[in-house]
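Residue numbers (this note's numbering): 13 to 99. Where a beta carbon is used, it is the ideal one built from N, C-alpha and C, also for glycine.
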């Protein structure tokens, strides 16, 4: 499902979010947008080479800033994504 909020943010869920994630992955050529290593959507999220969609403005606390658009997101490897979140 795709929902557009009153403040014009796009929220994707279910199959629509899965497809969005796949398109981000393909557009980046399966590479991390930060360190440029190859990633895989087949790895578990804990794996350093797994693919993650990083929301530049954060999803935090119930997704109050969440915006599932190509402009607001980038794909990162698990390692870079954890660093972005201080983990």
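> In whole angstroms, what is the alpha-carbon distance linking residue 63 and residue 52?
Replying inline: Sequence index remark: in the chain shown, residue 63 carries index 51 (1-based). Sequence index remark: in the chain shown, residue 52 carries index 40 (1-based). Residue 63 and residue 52: Cα-Cα distance of roughly 6 angstroms.
> Between the beta-carbon of residue 44 and the beta-carbon of residue 98, is there less than 8 angstroms?
Replying inline: On the chain shown, residue 44 is found 32 positions in, with the first residue counted as 1. On the chain shown, residue 98 is found 86 positions in, with the first residue counted as 1. Taking 8 angstroms as the Cβ cut-off, residue 44 and residue 98 do not qualify as a contacting pair.
> Which runs of the alpha helix (DSSP H) fall wholly inside the region 18-65 and span at least 4 residues, in chain order?
Replying inline: Complete alpha helix (DSSP H) runs here, min 4: 26-39.
> How far does the alpha helix (DSSP H) with residue 90 in it reach, from first residue to last?
Replying inline: Within the chain shown, numbered from 1, the residue matching residue 90 stands at position 78. Counting along the chain, the alpha helix (DSSP H) containing residue 90 begins and ends at 90-96.
> Count the other CB atoms within 10 Å of the CB of residue 36; is the residue buried (16 or more) or exposed (fewer)?
Replying inline: For this step, residue 36 is matched to residue 24 along the chain shown. By the neighbour-count rule (16 or more Cβ atoms within 10 Å), residue 36 is buried.
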